[in-house]
Amino acid sequence: MLVPYRRRKVMAGSGKAHMRPDGDRILEINDLTVEFNLGRGKVVKAVSGISLDLIRGETLAIVGESGCGKSTLGKAILQLPKPTSGSVNFLSKELTTMNKHDLREMRPAMQMIFQDPISSLDPRLPVSEVLAEPLRVWNRGNEVEINEKIDELLRAANLDPAVVRDRRSYEFSGGQCQR
Numbered sequence: 006m007l008v009p010y011r012r013r014k015v016m017a018g019s020g021k022a023h024m025r026p027d028g029d030r031i032l033e034i035n036d037l038t039v040e041f042n043l044g045r046g047k048v049v050k051a052v053s054g055i056s057l058d059l060i061r062g063e064t065l066a067i068v069g070e071s072g073c074g075k076s077t078l079g080k081a082i083l084q085l086p087k088p089t090s091g092s093v094n095f096l097s098k099e100l101t102t103m104n105k106h107d108l109r110e111m112r113p114a115m116q117m118i119f120q121d122p123i124s125s126l127d128p129r130l131p132v133s134e135v136l137a138e139p140l141r142v143w144n145r146g147n148e149v150e151i152n153e154k155i156d157e158l159l160r161a162a163n164l165d166p167a168v169v170r171d172r173r174s175y176e177f178s179g180g181q182c183q184r
């Protein structure tokens with residue numbers, strides 16, 4: 006007779022239960038699946054049935070082997086690409102049903118920090134141009150205002166604008182690139 010395997014429940018860490026704060030839930034993902042059609046009836050399931058939530062103030066790390074779907078999950082949360090199925094609720098708004106215009110309005114509130122911060126920045130451009138590009142795309146001011154905002158962002162990352170403004174990504178440490 007076959008008996009279903011029942012996994013024993015094991016608690017990581019100290020063995021003491023840690024209660025989560027009953028705070029403001031800012032992200033809720035339910036049964037998220039991402040599939041890629043390779044043609045000729047072949048489908049790759051990159052992300053399969055992921056559910057998680059995040060409460061304001063919490064930190065979440067997605068950890069796993071290379072190629073297991075971490076980046077695909079992050080991109081699917083941002084709707085790049087749209088998931089095959091499941092739901093993504095961010096700040097009480099369902100992202101999977103939003104049109105392109107509404108998603109564009111939401112995107113400034115969503116950020117993803119990639120695992121390799123140095124390669125996330127264009128090495129051909131100085132950091133001031135990397136920071137200026139989205140400000141220009143989103144019409145966040147004239148050139149003077151954009152330059153002021155760049156200096157403000159650099160200072161917020163504990164970087165001296167006078168020193169780093171013209172540096173390229175390969176001239177920064179990994180931590181500096183991440184900031």
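Quick note: to get the numbering used here, add 5 to the position in the sequence shown (first position is 1). Think of the CB as a built atom: it goes at the ideal place given N, C-alpha and C, for glycine as much as any other residue.
Cβ pair residue i, residue j closer than 7 angstroms
i: V39; j: V52; result: yes
i: P131; j: Y175; result: no
i: L158; j: L136; result: yes
i: R61; j: G28; result: yes
i: V93; j: L100; result: yes
i: P88; j: L37; result: yes
i: L57; j: I34; result: yes
i: R170; j: S124; result: no
i: A162; j: R184; result: yes
In DSSP terms, what residue i is bridged to
i: E110; result: According to DSSP, which records beta bridges pairwise, E110 is partnered with nothing at all.
i: E99; result: N94
i: V48; result: N42
i: N35; result: S92
i: R30; result: I60
i: I55; result: L37
i: P131; result: R173
Status (buried if at least 16 other CB within 10 Å, exposed otherwise) for residue i
i: I82; result: buried
i: I118; result: exposed
i: V68; result: exposed
i: M16; result: In this prediction, M16 has a pLDDT of 44, which is less than 50 and means its spatial position is unreliable; nothing more can be read from the coordinates.
i: C200; result: Past the boundaries of the shown model lies residue 200; the chain is included only from 6 to 184, so the question cannot be answered.
i: E80; result: The sequence given here places Lys at residue 80; Glu does not occur at that position. Buried, since its Cβ has 16 or more Cβ neighbours within 10 Å.
i: M6; result: Residue placement at M6 is flagged as unreliable, the pLDDT there being 34, under the threshold of 50; the coordinate-derived value follows with that caveat. The residue is exposed, with fewer than 16 neighbouring Cβ atoms inside 10 Å.
Anticipated Cβ contact below 8 angstroms, residue i with residue j, distance rounded
i: I31; j: L96; result: 6 angstroms
i: R160; j: I151; result: The pair is not a contact, with the Cβ atoms about 15 angstroms apart (cut-off 8 angstroms).
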